[in-house]
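Protein chains in written order, with our numbering: chain A, 1499 to 2182; chain B, 3 to 441. What follows is a short report on a single structure.
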Amino acid sequence: MKPSFISLLLCLLAPALQAQIDRSKAPAPGPEPSFNMGTYYQYELPNGLKVIVVENHKIARLTLQLYLDLPPVLENDKAGTAYFMGELLSKGTKNRPKDKLEEEIDLMGASFFTSSTGVYLSGLSRHKAKLMEIMADVARNPTFDQIELDKLKSQTLNGIQASKEDPNSISSNLRQALVYGSKHPYGELQTEATIAAIQVDDCKSNYDRFFTPSAAYLVVVGDISLSETKKLVETGFGKWEGHNLVKLPLDKPTLPAANTVSFAHKAGAVQSVIAVTYPIELPTGSPNAIAATVLNEILGGSSFGARLMQNLREDKGFTYGCRSSISSDPYIGEFTASASVRNEVTDSAVTEILFEMKRLVDDLATEDELKRVKASIKGAFSRRLENPQTIANYALNTAMYNLPKDYYANYLKNVEAVTLADLKAAAALFLKPSNAHIIVVGDGVNVAPSLEKFGAVQFYDAFAQPVDAPGFALDEGTTALSVLEKAIAAYGGKDVLAKVKTYELHTEATTPMGNLLLKKVVVVKKKQMYQGMFGGNNLLNKTVVNGDQFYSGGAGGEQEVDEPTKARLYDEIPIHQEILLIQNTASLQLLGGEVFNGQKVVVVAVNNPIGPALKRYYSLETGYMIAQVEPTTDGKEVIWTYDEYRDFGGIKLPTKLKNNVMPFDFELQSANFNEKVSKSLFKI
Amino acid sequence: MIHKCLLAIGLIISGIGAHGQSSRQMIEFTEFDLPNGLHVILHEDHTTPNVAVTVLYHVGSKNEKPDRTGFAHFFEHLLFEGSENIGRGEFDKYVENAGGTLNANTSKDRTFYHEVLPSNYLELGLWLESERMLHAKVDAVGIETQRKVVKEEKRQRVDNQPYGNWLGEVCQRMYRKHPYQWQPIGSMEHLDAATEADYVGFYKTYYVPNNATLSIAGDLDIASTKALVEKYFSDIPRGNDVPRPSVVEPALGGEIRDTVYDNIQLPAVIMAYHSPKQSTKDAYALEMLSYVLSRGQSARLTKTLVDDKQLALQAFSFYYGTEDPGLFNFFALCNMGIDPAEVEKVLEEEIDRLKSEPISDMELTKIQNIMETRFVTGFASIQNRAEYLANYHVYGGNASLINTEVDRYMAVTKDDIMNAAKTYLNDNNRVVLYYQPKK
């Protein structure tokens, strides 16, 4: 019957169109594939040059690398000498002037780099003879040309100038200088001064001293046979002569005693570049190194599942990426956790980084994490073998660091053997959330104050030199006058303040010797002012102004009031001095924006009859004067701060007054306006 | 069957018509379409026991609405948030627990997703990508988090970097009608305004098999992989025909000059010229032209501006190829105290030189060899192979270009280069920007 036949046919068809898969769970993997480590060949020339060869014919490329295993050396006031020596290697040889050298290399379509530790040349394998010959020529026959050095210096200075705005460069400079210190080669920075001091002879001496076959490895990778390699190496390097290198002892950088906060201000920063970092002892290939690698993968490795990524990116959205690294090094290693986060969450991001570090110190990691990380390390190991350069690098490391010959063959087995207890032990050694340099490059004005909770904030410039806290740009149109007018408005307004005919203020301080009371009574129009200081009920001293008459004295007798002091006393008559100051703008100077006690302030300098100008600090936010700084004759400063402004009948006055000389604080107890005042107070 | 491999296995095949004397190594592959329109490309490479599983969706920032810029890239982040069968945060976990890596990137023309997995996890990769294509799921928490992450990405890569937005500054002036005027990262305000309805619509329009290319390269077997692909992707319904913008950017008809103030120390000079779209004869000529100017230490701009006259710290040019007509750009960082006008003058002298005399034979050989090296070394990894097979299919209409595109470059003559300079590098077709320090 047709209908049922058709429907049967459709039933048969339908399952074929819908795949018979269960999408609800992930499919299981097939059997684990194995991979081959690949082989390399290594031999040594009589002159000490060690040659490593990895043949690979997948693509027609040949890569040559001459690598010098050199001890780090302090260069002090000529920091950068080795760097310039390395750069000069690419600027011509005795057989090939610079232009010719560059053209020959470009004509082959080859890539070419030189550095203080060697030469790199890579190109199509059909150029193998020429590539090897050029490599030998560059390595053995440098010309150290003054003109080229001058050009390089100029370029480097321009590069340094550009890097002053790059937050990552700044962060790297600070990290080097702070983690290693200036007495260790790793901590030295090139500066304009050190660059200026470097001469061509310095570069030549560096080359003569360090570029020697006994410290050198020639790594040959790619589309070439062993026999061809041997022939070309013999021709190029067989007659290269040298000497043995002496290794000098080095200082060991140490952990900071407590967390320190180092801040480099970058105007206009919308993110903070954070680095939490310190030195560690972790020689390459040492027994701890593998557990340290696994630990770092869990904390801040490249996967999205790492703790730092999960916390700071996936959970809190602070950042595009947060990673950590535990670096081994034959001399001194390093831990760094880093992230770029938006300004407002800088302190929270630091908190979370330290939290994740501490968590791995205090508690075991989970089996799931350990499993995932082991798979990740294994996967990366396998992927790396796609590039024949990897085998060469393994051979190089084995030779340089005296690793067991089967170190890399056993690597994954050793990774697999790491336990949660091993990780906790490694965390105790390498995670130091209480002994870290917390380095931040960002908005020093708005962000730095929030980091005080981790430690006192020290500011640095882009080259790790200590500097003062940064200022900030004021809005256009800001003048000393506008700042004072804003203050007057904040205090209650011109009209309200103008209505003050008389006032009386009582201010108290609690001292170890009993209570101090300051009483100030003023009749504005008559230029009458009484200021008395009482200890308990005893008058300790007083100052009186009565029109053009003055008195100052106390238990010790009367004191002369000189002309400058008289002028200063007149300044103190208005309830807020700004009322007077705005009438004489010539005596004012706008100094700029600063951060003071965690607040943005605008600083105005004011003429001071009795000495150097006073600096008055006005809160950008409220407009109130929050501090006054008075330089003294012995070069110090008396700083008064004014907090907790309160309303007294429409007029705002500060109720908490402190200064940096007396060890006790003053509190405004009462303020009365336009009440009858006893004339006898002002009798002189 | 997946089997053990020796590292040294190569795939050398003597090339016919290979340039110079190097043997041309052909990348062989199989390709086919599923009935729902999904294009599939498979390539065997047993160097290591890994596979690269990649999907290219033919949607990029040029497909966005002007008030929803940044959407394609934002969406790329959202596509990691899971599916009907994959919970939030699990997508990454599956790949990482297998020991693989994953990521994605968005350009003006396409969004590209990729995983590299041990080859015994091939099926996992197919399940993950098919889940994404069939029924990706995103919830409010994911949207909010990724919004923050993308904002930080913009700050980190663009806003907080010196000169970070230079290409954006160029494009918004060069393209007045075409969607290329905005950058894939988009605007923060538009990101804030995006709603659930927006992404559902975008997903249904663009994340469909008839708009996708599945490209897999590595330690696989063609026949069994084909079967697995059919198993996981056949049941995904074809979508509607995909709308593509048809805006034609009119000629600039003049020069635009402007100054941008940034947190920088060194001024910079940027010049951009309207150029033909990628894969055209003129595009190849322009790219070779850029090699004459700035590839290698002996290149013209490096020699003149950086080395001899010491006016610039860095100077380069490049052809920015896109599906619709693109740009040819110059970028030079001035040395301290150097006036950008001085640098611009030298750039123009170099352009005039290209127009008035053909390049030398030596220069032609040089750029051909540099280009050849790029092609010989550029497809060494399975990830690159998968990506370029997909790119060549989508943009060039033919995945075989992975083996033959190099010939198009080799066919460019000295006259082609001179004519390209005359046609495109003209004052009435450009934007000139000076970057200056603030204050």
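By construction, the Cβ of each residue, glycine as well, lies at the ideal position given by its N, Cα and C atoms.
Give the single residue among the options whose Cα lies nearest to the Cα of residue i.
i                       : options                           : result
residue 234 of chain B  : B:187, B:247, B:293 and B:127     : B:127
residue 247 of chain B  : B:48, B:30 and B:62               : B:62
residue 70 of chain B   : B:189, B:429 and B:207            : B:189
residue 207 of chain B  : B:66, B:390 and B:383             : B:66
residue 1887 of chain A : A:2035, A:1548 and A:1554         : A:1554
residue 2063 of chain A : A:2049, A:2108 and A:2091         : A:2108
residue 2088 of chain A : A:2081, A:2103 and A:2096         : A:2103
residue 492 of chain B  : B:395, B:373, B:211 and B:154     : Only positions 3 to 441 of chain B appear in this structure, which leaves residue 492 of chain B out of reach.
residue 380 of chain B  : B:405, B:400 and B:77             : B:405
residue 1770 of chain A : B:73, B:161, B:33 and B:299       : B:161
residue 2048 of chain A : A:1594, A:1879 and A:2065         : A:2065
residue 1765 of chain A : B:440, B:88 and B:58              : B:440
residue 1749 of chain A : A:1701, A:1678, A:1672 and A:1810 : A:1678
residue 154 of chain B  : A:1843, A:2095 and A:1629         : A:1843
residue 240 of chain B  : B:132, B:218 and B:296            : B:132
Reducing DSSP to helix, strand and coil, say where residue i ends up.
i                       : result
residue 2175 of chain A : coil
residue 214 of chain B  : strand
residue 2161 of chain A : coil
residue 1577 of chain A : coil
residue 381 of chain B  : coil
residue 1988 of chain A : helix
residue 168 of chain B  : helix
residue 1821 of chain A : strand
residue 2027 of chain A : strand
residue 1596 of chain A : helix
residue 61 of chain B   : coil
residue 436 of chain B  : strand
Is the shortest distance between the beta-carbon of residue i and the beta-carbons of chain A less than 8 Å?
i                      : result
residue 16 of chain B  : Low local confidence applies: a pLDDT of 27 at residue 16 of chain B is under 50, so the model's placement there is unreliable, with the coordinate-based value given in what follows. For residue 16 of chain B, the answer is no, since every Cβ of chain A falls outside 8 Å of its Cβ.
residue 23 of chain B  : At residue 23 of chain B the pLDDT is 40, less than 50, meaning the model places this residue with poor confidence; the figure from the coordinates comes in the next sentence. Residue 23 of chain B counts as touching chain A.
residue 95 of chain B  : yes
residue 298 of chain B : yes
residue 135 of chain B : no
residue 378 of chain B : yes
For chain B, find out if any of its Cβ atoms is closer than 8 Å to the Cβ of residue i; answer yes or no.
i                       : result
residue 1656 of chain A : yes
residue 1988 of chain A : no
residue 1522 of chain A : yes
residue 1630 of chain A : no
residue 1604 of chain A : yes
residue 1883 of chain A : yes
residue 1530 of chain A : yes
residue 1839 of chain A : yes
residue 1903 of chain A : no
residue 2080 of chain A : no
Should residue i and residue j be called a contact, given that it needs their Cβ atoms to be closer than 8 Å?
i                       : j                       : result
residue 1862 of chain A : residue 1918 of chain A : yes
residue 1851 of chain A : residue 1759 of chain A : no
residue 1803 of chain A : residue 95 of chain B   : yes
residue 314 of chain B  : residue 337 of chain B  : yes
residue 2158 of chain A : residue 2136 of chain A : yes
residue 1835 of chain A : residue 1798 of chain A : yes
residue 211 of chain B  : residue 75 of chain B   : no
residue 261 of chain B  : residue 411 of chain B  : no
residue 1997 of chain A : residue 2022 of chain A : no
Does any heavy atom of the ligand SAH sit closer than 7 Å to the C-beta of residue i?
i                       : result
residue 1604 of chain A : As presented, the structure is devoid of all ligands, the ligand SAH included, so that no description of it is given.
Any chance the segment 306-313 of chain B sits against the segment 244-260 of chain B, with 3 or more Cβ pairs inside 8 Å? no
Inspect the CB distances between the segment 348-366 of chain B and the segment 277-287 of chain B and report whether three or more fall short of 8 Å. no
Count the CB pairs spanning the segment 1818-1830 of chain A and the segment 1881-1895 of chain A that are closer than 8 Å, and state whether there are at least three. no
Is the segment 2119-2133 of chain A touching the segment 1984-1992 of chain A in the sense that three or more CB pairs, one from each, lie closer than 8 Å? yes
Is there contact here, the segment 388-406 of chain B with the segment 29-49 of chain B, by at least three beta-carbon pairs under 8 Å? yes
Looking at C-beta atoms only, is the number of pairs between the segment 1780-1787 of chain A and the segment 1956-1968 of chain A that lie closer than 8 Å three or more? no
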